[in-house]
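Presented below is the structure to which this report refers.
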Amino acid sequence: MTAYLKLDHIDKSFARGGQVSEVLNDIRLTIDKGEFVSIIGHSGCGKSTLLNLIAGLTRVSAGAVLLEDKEVDSPGPERAVVFQNHSLLPWLTVYENINLAVSKVFGRTRSRAERHDWIMRNLDLVQMAHARDKRPAEISGGMKQRVGIARALAMEPKILLLDEPFGALDALTRAHLQDAVMDIHSRLGSTTIMITHDVDEAVLLSDRIVMLTNGPAATIGEVLAVPLARPRRRIELSSDRTFLRCREAVLKFLYERHRFVEAAE
Amino acid sequence: MSIQAIEDTKVKAFPTPAKPAEVIAFTAKVRRRFDPAAITGKLASTLVPPAVVIVVMLVIWQIACSSPNASLPPPSQVWNEAYDLIAHPFFDYGPQDIGLAWRVLISLQRVAIGFGLAAIVGVALGALVGQSIWAMRGLDPVFQILRTVPPLAWLPLSLAAFRDSSPSAIFVIFITSIWPVIINTAVGVRNIPEDYRNVARILRLNQLEFFVKIMVPAAAPYIFTGLRIGIGLSWLAIVAAEMLTGGVGIGFFIWDAWNSSRLPDIIVALAYIGVTGFCLDRLVAAVGAFVTRGTTAK
Chain V
184 MTAYLKLDHI
194 DKSFARGGQV
204 SEVLNDIRLT
214 IDKGEFVSII
224 GHSGCGKSTL
234 LNLIAGLTRV
244 SAGAVLLEDK
254 EVDSPGPERA
264 VVFQNHSLLP
274 WLTVYENINL
284 AVSKVFGRTR
294 SRAERHDWIM
304 RNLDLVQMAH
314 ARDKRPAEIS
324 GGMKQRVGIA
334 RALAMEPKIL
344 LLDEPFGALD
354 ALTRAHLQDA
364 VMDIHSRLGS
374 TTIMITHDVD
384 EAVLLSDRIV
394 MLTNGPAATI
404 GEVLAVPLAR
414 PRRRIELSSD
424 RTFLRCREAV
434 LKFLYERHRF
444 VEAAE
Chain Z
16 MSIQAIEDTK
26 VKAFPTPAKP
36 AEVIAFTAKV
46 RRRFDPAAIT
56 GKLASTLVPP
66 AVVIVVMLVI
76 WQIACSSPNA
86 SLPPPSQVWN
96 EAYDLIAHPF
106 FDYGPQDIGL
116 AWRVLISLQR
126 VAIGFGLAAI
136 VGVALGALVG
146 QSIWAMRGLD
156 PVFQILRTVP
166 PLAWLPLSLA
176 AFRDSSPSAI
186 FVIFITSIWP
196 VIINTAVGVR
206 NIPEDYRNVA
216 RILRLNQLEF
226 FVKIMVPAAA
236 PYIFTGLRIG
246 IGLSWLAIVA
256 AEMLTGGVGI
266 GFFIWDAWNS
276 SRLPDIIVAL
286 AYIGVTGFCL
296 DRLVAAVGAF
306 VTRGTTAK
């Protein structure tokens, strides 16, 4: 079986004022269709850069991102991103925000009524249909992020990219949204890559956890498979042996072997 | 005081205790519709202080200009001699003898054309300068120099170019009011959050879609700041330009009145110009507030 998404020896460096700083070095990873993969690492190690490379928002310096054997060289709706700070357009209502995406992606292939149904279906999926006529400023942070997820899903992406999607939320809202994402993933089987710095979140949601070493020139230090059956329930898992073992493995990687040294520079 | 009013209405409208959240939502509506006391109070607090100031100023002016050898007419004389202009803004006694409101409207028409063009061209150029680093490097220094040229300095050149007074006046308005529109639009476009650009890139919006759907709404607060400054400047420029180009606008009326020593008429015309400028400013501000209500409320 060929890989759905393949990260083929990716290097990424930024040149600034004649000084070249290497951020990512020799990233090799294959992801299967329907898989949920988390990328975890200390802040500043290049997690978001890696996601931007997959999204096509930045170009690789060497190597290639291959989606279904086609090289990714520009951003597009088949690799939808849910941004950390939701990035909804504040002058549009919830419905219009999603409509912007849907009419751009499906404007030619679907009728107006079909597009409307599709928007409402995605709003239902994240339980936000009741707020369709609200503006982003009128809804809470968790709700905004739900709408952001709905907008990404409405593009019917081949890969859903989540860039620390719950980072700005409080713990309770975050748990709700994690459950919502798990639910959506089990229903749609969408291939998902999530950037996170939360160990519990990574273990709870992922099939595999990709751990990045510290930068500069970060690379994949370890890949951990999470052999937990789905559906997963956070309360049962909190005392589950496999869960705890996975959690410990990630913690050890992050805090023993690749301790983040603030004064590294 | 207004809080007290809300409490009262709430007690009257909802004698039984309701859920707190609903009560707040309802009282907001109730206050807006059925509370004349609060509205009168608010009106009084905005209207009374300026009225008092104006009365005091008129009294001082009256006293200062009452001596027989005063160079300027006191308000009482303005009222008596220019009563026609004050009381009948819309009279029409022939081509050069019309009410001040007509003259203001003729000037406003020129402003509308000149400022309208400046708004369209200014937003387009501003978007270009804000979007492209090379356009900015090339155009920004030129704009910064040209914008300091006083409006009337353009007039001889434009008279030479257009060979007619009316398009020259319109051009002066255009060239005066375009700079703040360009500069503010450029700043607004430069400040569009990177996230919005990323959303547009992921959706593969083309240049036109990006301009209409992201750039203009995102930069709207800045654009309207520029438009507001621009309309103020164009109103300043039209009066000065009309003094020199002639015609029937309000500016020429002042020049004409000066040449025939009708000082009270000039004073009345000044009041008209001031009030009109104030209304223009508020009009653009109100349109801006309406259009950007989504963008500014974060």
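Protein sequences, first through last, are from chains V and Z. Residue numbering for the first sequence follows our numbering, starting at 184 and increasing by one per position. Residue numbering for the second sequence follows our numbering, starting at 16 and increasing by one per position. In this text, a Cβ means the ideal position worked out from N, Cα and C, and glycines have one as well. Predicted model, so just to flag it, every value in this text is computed and none were measured.
### Query
Rounded to a whole number of angstroms, what is the C-alpha to C-alpha distance between Leu434 of chain V and Ile322 of chain V?
If I take the Cα positions, the gap works out to 35 Å.
### Query
Would you report the Cα separation of Lys25 of chain Z and Leu283 of chain V, rounded to the nearest angstrom?
Bear in mind that the predicted position of Lys25 of chain Z carries a pLDDT of just 41, short of 50, making it unreliable; the figure below should be weighed with that in mind. Approximately 41 Å between the Cα atoms of the pair.
### Message
Please confirm whether Thr307 of chain Z has its beta-carbon closer than 9 Å to some beta-carbon of chain V.
### Response
Yes, Thr307 of chain Z lies at the interface with chain V (some Cβ there is under 9 Å from its Cβ).
### Query
Which value, in whole angstroms, describes the spacing of the CA atoms of Val151 of chain V and Ser373 of chain V?
Residue 151 of chain V is absent from the model: chain V starts at 184 and stops at 448.
### Message
Between Z:Trp149, Z:Gly137, Z:Pro166, which has its C-alpha nearest Trp194 of chain Z's C-alpha?
### Response
Between Trp194 of chain Z and the set Z:Trp149, Z:Gly137, Z:Pro166, the nearest pair of CA atoms involves Z:Gly137.
### Query
Under 9 Å, do Val265 of chain V and Lys317 of chain V count as touching if we go by C-beta distance?
Their beta carbons are not under 9 Å apart, which means Val265 of chain V does not touch Lys317 of chain V by this criterion.
### Task
Please state whether DSSP places Asp316 of chain V in a helix, a strand or coil.
For Asp316 of chain V, the three-state secondary structure derived from DSSP is coil.
#### Entry: Residue of V:Ile193, V:Met303, V:Leu437 minimising C-alpha distance to Ile392 of chain V
The residue from V:Ile193, V:Met303, V:Leu437 with its alpha-carbon nearest to that of Ile392 of chain V is V:Leu437.
### Task
List the DSSP bridge partners of Glu405 of chain V.
Its beta-bridge partners are V:Met394.
#### Entry: Delimiting residues of the alpha helix (DSSP H) encompassing Phe266 of chain V
Phe266 of chain V -> no alpha helix (DSSP H), and no H or E assigned at all.
### Message
Taking beta-carbon pairs under 9 Å, can you tell me which members of the segment 239-261 of chain V lie near chain Z?
### Response
Correct list: Gly239, Leu240, Ser257, Pro258, Gly259, Pro260.
### Task
Taking only the alpha-carbon atoms, compute the straight-line gap between Ala43 of chain Z and Cys294 of chain Z and give it to the nearest angstrom.
With a pLDDT of 45 at Ala43 of chain Z, under the threshold of 50, the modelled position of that residue is not reliable, and the figure given next carries that caveat. If you take the alpha carbons of Ala43 of chain Z and Cys294 of chain Z, they lie about 29 Å apart.
### Query
At which residues does the beta strand (DSSP E) containing Ser204 of chain V begin and terminate?
For Ser204 of chain V, the uninterrupted beta strand (DSSP E) run begins and ends at 202-214, by DSSP.
### Query
Hey, does Ala284 of chain V have any beta-carbon neighbour from chain Z nearer than 9 Å?
Chain Z, which has a Cβ nearer than 9 Å to the Cβ of Ala284 of chain V, makes this yes.
### Query
Within 9 Å (strictly less), CB to CB, does Phe266 of chain V reach chain Z?
Taking Cβ atoms only, chain Z reaches closer than 9 Å to Phe266 of chain V, which makes this a yes.
### Query
Going by the CB atoms, is the gap between Ser249 of chain Z and Ala133 of chain Z shorter than 9 Å?
Ala133 of chain Z is a Cβ neighbour of Ser249 of chain Z, given a cutoff of 9 Å.
### Query
So Arg125 of chain Z and Ile265 of chain Z are in contact, right, with Cβ under 8 Å, and what is the actual spacing, rounded?
Their Cβ separation, rounded to whole angstroms, is 10 Å, which puts Arg125 of chain Z and Ile265 of chain Z out of contact at 8 Å.
### Query
So is Ile229 of chain Z in contact with chain V if we call contact Cβ pairs under 9 Å?
Interface with chain V (9 Å Cβ-Cβ cutoff): Ile229 of chain Z is included.
### Query
So what does Ile222 of chain V bridge to, in DSSP terms?
Within the DSSP secondary-structure output, Ile222 of chain V pairs in a beta bridge with V:Ile378, V:Val393.
### Lys230 of chain V - containing beta strand (DSSP E), residue span
Here Lys230 of chain V belongs to no beta strand (DSSP E); instead the alpha helix (DSSP H) covers 230-238.
### Task
Round the Cβ separation of Val330 of chain V and Val364 of chain V to the nearest angstrom and send it over; I've been treating them as touching at under 8 Å.
In this structure Val330 of chain V does not touch Val364 of chain V by the C-beta definition: roughly 14 Å separates them, more than the 8 Å allowed.
### Query
Taking the alpha-carbon positions, what's the Phe197 of chain V to Leu395 of chain V distance?
Phe197 of chain V and Leu395 of chain V have their C-alpha atoms spaced approximately 18 Å apart.
### alpha helix (DSSP H) runs wholly inside the segment 48-112 of chain Z, at least 4 long, in chain order
Taking only runs of at least 4 residues, the alpha helix (DSSP H) segments lying wholly in the segment 48-112 of chain Z are 51-79, 90-96, 98-102.
### Task
Specify, as a first and last residue, the run of the alpha helix (DSSP H) that His359 of chain V falls within.
DSSP places His359 of chain V in the uninterrupted alpha helix (DSSP H) bounded by 354-371.
### Phe189 of chain Z - partner residues in DSSP beta bridges
The bridge partners DSSP lists for Phe189 of chain Z come to none.
#### Entry: the segment 199-206 of chain V touching the segment 402-409 of chain V, judged by at least three CB pairs closer than 8 Å
They do not touch, by the three-pair rule.
### Message
Given the structure, does Glu347 of chain V come close to the ligand NAP, in the sense that its CB is under 8 Å from one of the ligand's heavy atoms?
### Response
Annotation note on the ligand NAP: not contained in the displayed structure, which lists no ligands.
### DSSP-derived helix/strand/coil call for Arg277 of chain Z
Collapsing the DSSP output to three states places Arg277 of chain Z in coil.
### Message
For Ser100 of chain Z and Val283 of chain Z, which I take to be in contact (beta-carbon distance under 8 Å), what is that distance rounded to the nearest angstrom?
### Response
According to the sequence as given, residue 100 of chain Z is Leu; it is not Ser. The C-beta distance from Leu100 of chain Z to Val283 of chain Z rounds to 5 Å, short enough to fall under 8 Å.
#### Entry: Contact check, Leu190 of chain V vs Arg262 of chain V, beta carbons under 9 Å
Going by C-beta atoms, Leu190 of chain V is not nearer than 9 Å to Arg262 of chain V.
### Message
If we define contact as Cβ-Cβ less than 9 Å, is Ala142 of chain Z a contact residue for chain V?
### Response
Taking 9 Å as the threshold, the shortest C-beta distance from Ala142 of chain Z to chain V does not fall below it.
### Query
Can you round the beta-carbon distance between Ser244 of chain V and Asp194 of chain V to whole angstroms, since I take them to be within the 8 Å contact cut?
Contact between Ser244 of chain V and Asp194 of chain V holds, with the beta-carbon distance rounding to 5 Å and staying under 8 Å.
### Query
So, are the CB atoms of Asn206 of chain Z and Pro258 of chain V less than 9 Å apart?
Contact: no.
### Task
Tell me whether the beta-carbon of Pro182 of chain Z lies closer than 9 Å to the beta-carbon of Ser173 of chain Z.
It is a contact, given that the beta carbons lie within the stated cut-off.
### Query
Distance, Cα to Cα, Arg428 of chain V vs Thr292 of chain V?
Spanning the two alpha carbons is a distance of roughly 48 Å.
### Query
In whole angstroms, what separates the C-alpha of Pro260 of chain V from that of Ile121 of chain Z?
Taking the straight line joining both Cα atoms gives about 52 Å.
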